[in-house]
Each structure stands twice: as C-alpha cells, then as structure tokens.
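Heads up, the thing below is written out as structure tokens.
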Amino acid sequence: MTGLQTEKGVLVTANNLLSGRIVWRDSQGQWVCSIAKAAWIPDGQAEEVLAHSVATAGAKGVVGVYTVAARLVDAPDGRKQAEPVTMRERIRAFGPSVHPDFAYERHGEKEA
Amino acid sequence: MSASLGQPVGHYHYNTVDRHFLQERIAEFEDQIRRRLSGRLSEDEFKPLRLMNGLYLQLHAYMLRVAIPYGILDSRQLRKLGEIAGRYDRDYGHFTTRQNIQFNWIKLEDVAAILRELASVDMHAIQTSGNCIRNVTSDEYAGAAREEVMDPRIHAEILRQWSTLHPEFTFLPRKFKIAISGSPEDRVAARFHDIGILARPGRGGAEGAGPFFRIFVGGGLGRIPVIGQELFDSVPEEQLLAMMEAILRVYNAYGRRDNLYKSRIKILVQTIGIETFRKEVEGELSRMDPEHYRLAPEHVAEIRARFAEPDFSPASDGRAVLEQHMAQDAAFARWVSHNTHAHRVEGYIIASVSLKPPGGIPGDVTASQMQRLADLAEKYSFGEIRVTHLQNLVLGHVRQEALYALWQDLREIGLATPNLGLIGDIVSCPGLDYCSLANARSLPIAQKLSARFADSALQSKIGALNINISGCINACGHHHAGAIGLLGVDKHGDEFFQILLGGAAGDNAAIGRILGPALSERETVDAVARIIDCYLEQRQDGENFARTVSRLGTGLFKEAAYATL
Amino acid sequence: MQLFDLHGGASARQYGRFYDLLPSLAELPEQKEARAVLLKPEDRIEALAPFLDRLELVVVQFPGFRDGRGFTQARALREYLGFEGEIRAEGHILPDQALFLKRCGVDTVVLPKTHNNPQDWDHQLNRFSHYYQPDFLPEGQTS
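Those protein sequence lines, which keep their order, are chains A, B and C.
Residues in the first sequence are numbered from 11 upward in steps of one, following our numbering.
Residues in the second sequence are numbered from 540 upward in steps of one, following our numbering.
Residues in the third sequence are numbered from 2 upward in steps of one, following our numbering.
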C-alpha cells in the first residue's frame, strides 16, 4: 500500500434517493458520483459536517447519510486520494469483488 | 383445466380481479414514492412501505425481490424477468433460498415501470420483504414427483391469497415465513420455518379423503437457530385457514417488539413453551366461528381448477431410449444420475438445472440464459419452470426420450453441471459483496470451493453433501443446515470463516456445530479439502458424508481440519 | 384533535364525541362513570368483557405505525366480544393503514399531526376494490 496515513479522516457518503446510486459529499457540500471528488474530512470536523449533511439530505435528494473511515493515499498522478479503510466500504465504493465490472464507474452513469 | 386452452401450466392462473388488484397495488406504491419525494412521507415511514413492495436499499443500489409463488414460473414470465434484467439491471438475476428472484442494481425511479412489466405477466413483488407474511415456499417437485403423497401447490396458492394484504397481519413483530410440502420426506425444510406444513391426503373410511396437515411452528435459522416443534399433527383441510389465523393472532399480540433479534415467533414459542403456545392457539380457535373460517372443498376445487395440467402424451418406450443415450454418453449418464428425479407419469422424468457451475456464483443466471431457459421450458416441459430453495431450477415434466436433447441444449448455455446435491451444489448468501449486513464475503469462497471440487468424477465420488455459506450471523445462507456450514466473520478487519459440521434440513433436522477457531479464506478451503479426504478414508458401506460424521463424531474431522495449523 | 371517519367522510357523523373520562384498562373498574377506555397495545381484550355494557368508545393506540397490535385488538373486540360501539385509533398512524384499520373494525382515527390531511386518508380508503380476506365490520357497515 503506497501512501502514508498522516491524519485520520472520513468521507461522507449517501445514496441518491431516486437512483439508489452511491454518492459522495464534495468540498462544496454537493453530492457527486465520483469518489475521486469526495472531500476528505479530518476526524475533528467529522461530526459537524455529518450533522449538516444529514440535516440537508432531504432537500438534496439523498438518503442514508453516514461517514466512512478513510485514509489518504498517493494517486498515480502524485495527488493525494482518499480511500475507504474497511473492505465493506471499498466494495461499496468500487464495486463487488466478484463483479468489478458491475461498478457504477464502468457503466457510465450520469451524475446523480 | 387443460393446458391446450392456452393457460400456463404449473401455477395459479390469474383472473380479472387478481390482475386489477396488482394494478391497484402499483398505483398505491407509486403514490407512496411521490409522497416520499415530496417529503410527505419520511424515510422511516417510507422504508417499511417499500420493503412490502420488495425494494431494499442495499450496499450498492436498490435491490428488488420479485415473488415467485411456490417457486413456479411459466416461460412467458421467465422471458419477462430476462427482459427486466437486461433493461433495468446488469443483465442478470439471482435466485434465492426462498424461491424468489432478486435484481441488485435497480433504481427507485424505474420501479413503477418494472412493476407494470411484471404485472403484465401476472407477477409482483408484494410482501417479499417487511414484517409481514412472505412468499409461501414449496417443494420444487410439487405435482410431479412419483413419491409425492399430495400436491401442495393448491394450498400454497390458498395460503398466498389469504396472506396477501391481510388487514391484521401486515405489521407483525417481524417477518413470517411459511413453507408447505406434500412429499413423504420434508423437502422444504418445514422444521426451519415460522410455520412448516406437511400435507397428506386423508386415509379414507372414517377419516374421509380430504387432506390433513401436520403443522410445525417456531423453527428458523438466523442468529438463533431453532428446530420447529409440532403444534398439531392432523389439521383437517376445513380448518387450515382458521389454524393459520389463530397462530398469527397469538404471534401478532405477543411476539416481542422491543428487540429486533428476539422478535421472531421461534423466540415466543421458546419463551412460553410449546404447550402454552398450543393452549393460546386453541383459545383463539375456540372463540372463532368455524363456519366463517371454513376452507370449503368447493373453494379448494375452484382454485384447483385454475391450475392447468400438462397435456401428457401416452407412455412410449422412453425409458429404453433414455438408457440407450446413457450407455452411449458417459457425461450424460452422470448428469442423469445426479440431476433427475422420478416422475409420477410413466414416460416422463424431472430434470434439475444446476445454477452452480464450477467457479460460478450460486444462483446467478444471465438475461440471455433466462431467455434460452424459457425456450427450453417450452420445448421440453410445457412452458413450466421451477425455482428451488437451494438456488437451482427444475424442468418438471420432460419426456424421457427427449432428455438427452435437453441436456445438450443446457450444455450450450453452460447450465448442465451434473452436481445436484453434491459438494459443488453450494448454497450461499450474497455476502459482503452485496449486502450491507454482512461481515465477510461469501461468494469468493463459494467460487474457490466450487473450483477446487470442479471435477465431476470427484463430486460423484464424494456423493451427497451440502455446503451452506453465510456472510454473517443472520444466516441467510442457512449455514446451520449444511452438512458443512461456513460462517464468515470479521477478525480485526480480516475475513475469517468458522466451519460447522452436522447440520441438516429435512426430516432429521439438525443444527450444525462449530468445529473450532475461525480460519482465513485460504485455510478454510484447505481445511474443507482435508475434511473431505478424511471422510473418503473413513466412510463405510457407501454411507454419505452426513452419516459418516454422525457415526464418528466431529473429533476426527476437527483434527483433519486443523492438521497443518 | 381532529377525527377521521373511516366509513366515509362527508356522511352524518355519529362519531366524534370527546370523553372527559378516558381511563386506562387498569383504572376502568374504579371509574364507574367512564364510558370510554384507552387501551395500551399489550392489554388483553378479554379484560373488557365485564364493562362492555357501559362502554361507548374503545381507543386503541399505535406507539409507532409498525406496531400492529392495535389491529388484533380491534378485530378481537368486534369478533370475540361483539363490541358495537366506536373503536378509535390513535398514535403514529399512516393514511396507508386506513383500509387495514377499517377492515379490522376501527371506526375513526385521531389524525396525527404529521398526516392530518383528510384527503390523503380519503384516497387511501379507495385504493383497493377487492380483498382476499373477510373483514370484521359492525352490523350495517360495508367496506
């Protein structure tokens, strides 16, 4: 595993209510499909960001908001990329291990 | 009713009222979705309502569980499922341990359209989830098996209708599962259901010819596996619905609602004891007007009349032709020896289609396989196809002389694996790859075991053995009922598996026991292989795996499993 | 408090009386003037048998809409005890449950704050034209 975990943090995630698609909260508080655009929130701020996300979930058409423990790793282009820590959340983010071809990213789904 | 009138064979044929009901249900759900979107229903309020229309929000997406009442489909319905898989999902569906089918990549915004398409072929997703009475399951050989004492399909349909939108039992403490069988051996795991029903015809004379039902109550797998207990051994047909009412009334009133894991009827029966439970049920029955609840033979006959019988051809020398084909083709002979079952009509045979190809995902079928299977059902089995609770399919009425051609057609679509009831016929829950509740993945280890034991000759040699795999203690893979059960656990973030031995469904129902400490995925596969080696060394007189374990106890197998560790 | 009549909104109201005395089942024996009782979901209906002749109203409660014990209580009141007075449902109830309540013998619903539009309830009453089970309505009522 490349990359050092310098801080503990989370990503905030949910499902789009209408499509059921996994979505991630970006740095503007919008819900986006790509985990590459998910905002990495340091542990200290997680509770506040989560509370705000839950409160605005209905208005934004998402459901089931929660935080995902994440670490920062080096992406191929040299930037830092946030990645879920647990297997469950990696499977949720990147697709079933037995059918990675089923992942949303592979099916060209429009932004939620 | 004759199939030549164009009615589908095998399952209840809908009338106008039934179809209208489906449309009204869809309109109701559409309205609920609208109210959810506009905020007039909260998610907490909407969730139970969508569950009662079969819609889960799972790890990746919404999952829709479509009902297949008592597991019987016609080819038109199977084609429609294939179309839905292609148009709304990832081109495949998954057959479940309750004879239903699941689509894992569904959008809420498509659900109304999907339900309309299902309704066009008399299908629905009503009550396939939620704290209500679920799909009534039955024997996959119902109405076909030679040794069957009574065809349970008619009463399965009667129970289905009785339980659909029942005004009193739609908000139960928890889910409620009923299974009914009419075979001399329990093929539906009746003793592992909330209510398990074993049907038999009357013995004539004073008893009359009308059917009788042996009722088991309070069985279940899940977190707390319990073998059901006999409530009554001979309920006459006229009282069947009254009995169901009485049991559900007691459960609805007294089942626990404070603890999710203690709210099934099995806990209630364990807590108050079967004697007290029986007294409560009898108390309800004594206050019910038997005439009001009487299941009249006339009504049973009406329902029976809506089941079309296959137009069986007169017997020929099909057996001789079949034997000749078997003599000519060893691979075919092997498939026949494992995957077929004797039919009640001379000249016919029951063929099972294993959905467990080596290295495959148990129970998964692609959209194109579904289309092709629909064609084969029409060509070989009067357009009827059945789903088993072990995630396989059945063509129930095949002419013996046509069996070879069927097998060849199945081979073309990769569904001729000769492993029914063998070690490769693995039952597995979807596990962490799909399910939000899981602790571990179940499918990769299922694939690895399947690949390890892929060789058909080896599978035949090992003989009857069922492996059941669950990804968490909710036990949807029924691992307690497997001769070998595997339970996925999370150990410090890594996937480990506990091995259980000695489980069984059926007449000698037993709950498997844990062998020892949990092992990693790779160690588990090796351990299972050593357990099998141990069995092959130790077995006597052609006894199967379960018998050998029962005879020797688990000690020797535990030693073998942990030998190199 | 707003009541919804499950037997059809605009018709002449025979229900809707509010009772000053609304004791619990445990309190009912001492409250000799009480004509109404407020049941808890765990209360056994049989305990009401001695008081039937003076009861005009039984209120069944739904602490949450998923707690379906009120359906069994209402049905048992009608079927086992032959109660002919008003059965009223109160608590967290969804309009989507209107037909189930009616078919179990409930007459009126105290509209919850979060679902207090009578039109929503009217819509739900007309959802289904066929049922697969018999129901337990008082004499003279049709579904």
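Even for Gly, the Cβ is constructed at its ideal location relative to N, Cα and C.
Nothing here was measured: the structure is a model prediction, and the numbers come from that model.
Please return the same chain residues whose Cβ sits closer than 6 Å to the Cβ of residue i, not counting the five positions on each side in sequence.
i: A:LYS120; result: Residue placement at A:LYS120 cannot be trusted, given a pLDDT of 48 that sits under 50; the coordinates are not used to answer.
i: C:PRO96; result: HIS116, ASP121, TRP122, GLN125
i: B:ALA1099; result: ARG1069, ILE1070, CYS1073
i: B:ALA872; result: MET865
i: B:GLY960; result: ALA1003
i: B:THR810; result: none
i: C:LEU39; result: LEU23, SER25, VAL60
i: B:ILE611; result: GLY549, HIS550, ARG925
Going along the chain, which residues of its own chain have a beta-carbon closer than 8 Å to the beta-carbon of residue i, five neighbours each way excluded?
i: C:LEU4; result: TYR16, GLY17, ARG89, THR109, VAL110, VAL111, LEU112
i: B:ALA1085; result: ALA1003, LEU1004, ALA1022, GLY1041, ALA1043
i: B:PHE816; result: VAL756, GLY757, LEU770, VAL789, LEU807, VAL808
i: B:ARG673; result: ARG637, GLN666, THR667, LYS714, PHE715, LYS716, ILE717
i: B:SER999; result: ARG873, SER876, HIS877, PRO957, LEU961
Under a Cβ-count criterion, where at least 16 other Cβ atoms within 10 Å of its own Cβ denotes burial, should residue i be classed as buried or exposed?
i: A:ASP87; result: exposed
i: C:VAL60; result: buried
i: B:LEU954; result: buried
i: C:PHE19; result: exposed
i: B:GLU776; result: buried
i: B:GLY744; result: exposed
i: B:SER581; result: exposed
i: B:MET602; result: buried
i: B:VAL556; result: exposed
i: C:ASP21; result: exposed
i: B:SER852; result: exposed
i: B:ASP850; result: exposed
Quick one: what's got a C-beta closer than 7 Å to residue i's C-beta in the same chain, skipping five residues either side?
i: B:ASP948; result: LEU915
i: C:ALA50; result: LEU82
i: B:TYR1074; result: PHE1084, THR1087
i: B:ASN1013; result: GLY761, ARG762, LEU976
i: B:TRP874; result: TRP946, ALA955, PRO957
i: B:SER967; result: PRO901, SER981, LEU982, ALA985, ILE1008, GLY1016
Under the three-state reduction of DSSP, which class applies to residue i: helix, strand or coil?
i: A:LEU21; result: strand
i: B:ILE1012; result: coil
i: C:ASP136; result: coil
i: B:PHE846; result: coil
i: A:LEU27; result: coil
i: C:GLY92; result: strand
i: B:LYS497; result: The structure shown does not extend to residue 497 of chain B, since chain B is modelled only from 540 to 1104, so the question has no answer here.
i: B:ASP828; result: coil
i: A:GLY13; result: No answer about A:GLY13 holds up, because its pLDDT of 46 lies below 50 and its placement is not dependable.
i: B:GLU841; result: helix
i: C:MET2; result: coil
i: B:TYR601; result: strand
i: C:ARG18; result: coil
i: B:SER852; result: coil
i: B:ASN791; result: helix
i: B:GLN1037; result: strand
i: B:LEU612; result: strand
i: C:LEU102; result: helix
i: B:HIS1111; result: Limits of chain B in this structure are 540 at one end and 1104 at the other, which puts residue 1111 of chain B out of reach.
i: C:GLN120; result: helix
i: B:PHE992; result: coil
Taking 6 Å as the cut-off, is the C-beta of residue i nearer than that to any heavy atom in the ligand ADP?
i: B:LEU971; result: Absence of the ligand ADP from the depicted structure is noted, as is the absence of any ligand whatsoever, leaving it without description.
### Query
What are the start and end residues of each continuous beta strand (DSSP E) run of 3 or more residues lying completely inside the stretch 565 to 596 of chain B, in chain order?
DSSP assignment within the stretch 565 to 596 of chain B yields the following whole beta strand (DSSP E) runs of 3 residues or more, N-terminal first: 594 to 596.
### Query
Counting Cβ pairs closer than 8 Å, one from the stretch 668 to 682 of chain B and one from the stretch 723 to 739 of chain B, do we hit at least three?
The stretch 668 to 682 of chain B makes contact with the stretch 723 to 739 of chain B, as at least three CB pairs between them are under 8 Å.
### Task
Taking only runs that begin and end inside the stretch 54 to 118 of chain A, name each unbroken alpha helix (DSSP H) of 4 or more residues, in chain order.
Qualifying alpha helix (DSSP H) stretches, in chain order: 97 to 104.
### Query
Fully enclosed by the stretch 883 to 970 of chain B, which beta strand (DSSP E) runs are 3 residues long or longer?
Fully enclosed beta strand (DSSP E) runs of 3 or longer: 887 to 892, 903 to 905, 923 to 926, 932 to 938.
### Message
Any contact between the stretch 73 to 89 of chain A and the stretch 106 to 113 of chain A? By contact I mean 3 or more CB pairs, one from each, below 8 Å.
### Response
The answer is no - the stretch 106 to 113 of chain A does not touch the stretch 73 to 89 of chain A, with fewer than three Cβ pairs under 8 Å.
### Task
Say whether the stretch 983 to 990 of chain B touches the stretch 918 to 930 of chain B, bearing in mind that this needs 3 or more beta-carbon pairs closer than 8 Å, one atom from each stretch.
The stretch 983 to 990 of chain B vs the stretch 918 to 930 of chain B: no contact.
### Message
Whether or not the stretch 774 to 788 of chain B and the stretch 810 to 825 of chain B are in contact is what I'm after, with contact meaning three or more pairs of Cβ atoms, one per stretch, closer than 8 Å; do they touch?
### Response
Judged by Cβ distances under 8 Å, the stretch 810 to 825 of chain B makes contact with the stretch 774 to 788 of chain B, as three or more pairs qualify.
#### Entry: Complete runs of the beta strand (DSSP E) confined to the stretch 1077 to 1102 of chain B [at least 3 residues]
Unbroken beta strand (DSSP E) stretches of 3 residues or longer found wholly inside the stretch 1077 to 1102 of chain B: none.
### Task
Tell me the start and end of each unbroken alpha helix (DSSP H) in the stretch 634 to 685 of chain B that is at least 4 residues and wholly inside, in chain order.
DSSP runs (the alpha helix (DSSP H)) wholly in the stretch 634 to 685 of chain B: 647 to 658.
### Query
Below 8 Å, can you find three or more Cβ-Cβ pairs linking the stretch 35 to 50 of chain A to the stretch 608 to 623 of chain B?
Result no; under three Cβ-Cβ pairs closer than 8 Å.
### beta strand (DSSP E) runs contained entirely in the stretch 684 to 741 of chain B, provided each spans 3 or more residues
Taking only runs of at least 3 residues, the beta strand (DSSP E) segments lying wholly in the stretch 684 to 741 of chain B are 717 to 720, 734 to 739.
### Query
Given 8 Å as the limit, is there contact between the stretch 618 to 632 of chain B and the stretch 893 to 910 of chain B, that is, 3 or more CB pairs closer than that?
Contact check between the stretch 618 to 632 of chain B and the stretch 893 to 910 of chain B: three or more CB pairs, one atom from each, fall below 8 Å, which counts as touching.
#### Entry: Runs of alpha helix (DSSP H) lying entirely within the stretch 9 to 83 of chain C, each at least 4 residues, in chain order
Fully enclosed alpha helix (DSSP H) runs of no fewer than 4 residues occupy 70 to 80 of the stretch 9 to 83 of chain C, in order along the chain.
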